[in-house]
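*Asks:* Going by this note's numbering, the first residue of the sequence shown is number 100, and it counts up by one from there.
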Amino acid sequence: MQVLNKGAYLYNEADLLMNYEFREPSNYLVIFRAIAGGCMTLSRICSETGLDKSMVSKYLNVLVRLHILHEEIPVTEHVGFRKRHYRITDPYLNFWFRFVAPNRIDIEAQRNDAVMQRVVDALPVYCGSMFEILVEDMIRRGCIFNGRHFTRIGRWWYKEEEIDCVALDDESRSVIFCECKWQDLSYRKAREVLNALRTKAKVVRWHNEDRKEEFCLIARTIAGKSRLTSEGFLTFDLKDLVTL
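1. Can you list, in chain order, the residues of its chain with a C-beta nearer than 6 Å to that of Ile262? Leave out the 5 residues immediately preceding and following it.
2. What do you reckon, are the CB atoms on Val57 and Glu260 nearer than 8 Å?
3. Identify which residue in Ile243, Glu235 and Glu123 has its Cα closest to the Cα of Thr342.
4. For His248, which residues does DSSP report across the bridge?
5. To the nearest angstrom, how far is it from the Cα of Leu316 to the Cα of Val224?
6. Classify Tyr286 as buried or exposed, calling it buried when 16 or more other Cβ atoms lie within 10 Å of its own Cβ.
7. Name, in chain order, the residues that DSSP records as bridge partners for Ala266.
8. Do Cys279 and Phe230 count as a contact pair if the criterion is CB distance below 8 Å?
9. Would you kindly check if the distance between the Cβ of His169 and the Cβ of Thr140 is under 8 Å?
10. Report the CB separation of Asn126 from Leu150 in whole angstroms; it is logged as a contact under 8 Å.
11. Since Asp283 sits in a beta bridge, which residues does DSSP pair it with?
12. When you compare the CB positions of Glu235 and Cys264, do they come within less than 8 Å of one another, or not?
13. In its own chain, which residues sit with a C-beta less than 6 Å from the C-beta of Asn193, not counting the 5 before and 5 after it?
14. What are the boundary residues of the beta strand (DSSP E) that Glu171 is part of?
15. Looking at the strands, I want to know which residues DSSP matches up with Glu261.
16. When you compare only the Cα positions, how much space is there between Val155 and Ile167?
17. Are there 16 or more other CB atoms within 10 angstroms of the CB of Tyr119, so buried, or fewer, so exposed?
18. What would DSSP say about Glu312, mapped onto helix, strand or coil?
19. Measuring straight from C-alpha to C-alpha, what distance separates Val163 and Arg326?
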């Protein structure tokens, strides 16, 4: 791979970008590594990097303005919500900081088999998070739920509960709760995911008394899609997405 070999075209590109764009590249590097490693909140990023909170806040604001990071709040919250999440939006930087930066010693020592095994082991979780980003983008572009009107689209979370994507319309008070799974699901497993989604949706505080709810599952493959559709669920798999 061009990104996992020392001297390859994309191997040093992230380093070059950091040194060219930022005055303090080392601080940005550790922040990127923390986020790529799963630290999504300001407090966790500070804890992981050891950097001062005000300093990290300044760096995060710069990266958000440059559209390198995406700053998120739960889709139902107001703009002043303080417990924000941060994600790396650029696919190359996302991959580089997740797989290249932590493995540079082994890559430069040409321990390729060990590096590739770590990448393969981590790919399901990594692909799952990237699949969520893809699905949300397709909803925003109108590829999924074409013709539907939404005023807000995004993730939702509260304490330990999380829903991958919620698309809602404040005018009609209609909402679609969507779960994304980079997995091959049997009918039974798909039904379990949808039942769990229904349970989590009850915690979402948004027009609870009079909203119109729909529940959607998007996965790599889903067995029994027609049966799930007849039960009132929305379902899409990769075969559906490539034709949209």
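By construction, the Cβ of each residue, glycine as well, lies at the ideal position given by its N, Cα and C atoms. The structure presented is a predicted model; accordingly, all values stated were derived computationally and were not measured.
*Replies:* Considering the structure as presented:
1. Trp255, Phe276 and Lys299
2. Shown here, the chain extends from 100 to 343; a query on residue 57 therefore has no answer.
3. Ile243
4. None, per the DSSP bridge assignment.
5. 18 Å
6. exposed
7. Ile252 and Ile275
8. yes
9. no
10. 6 Å
11. Thr320
12. yes
13. Ile187
14. Leu168 to Glu171
15. Trp256
16. 15 Å
17. exposed
18. strand
19. 43 Å
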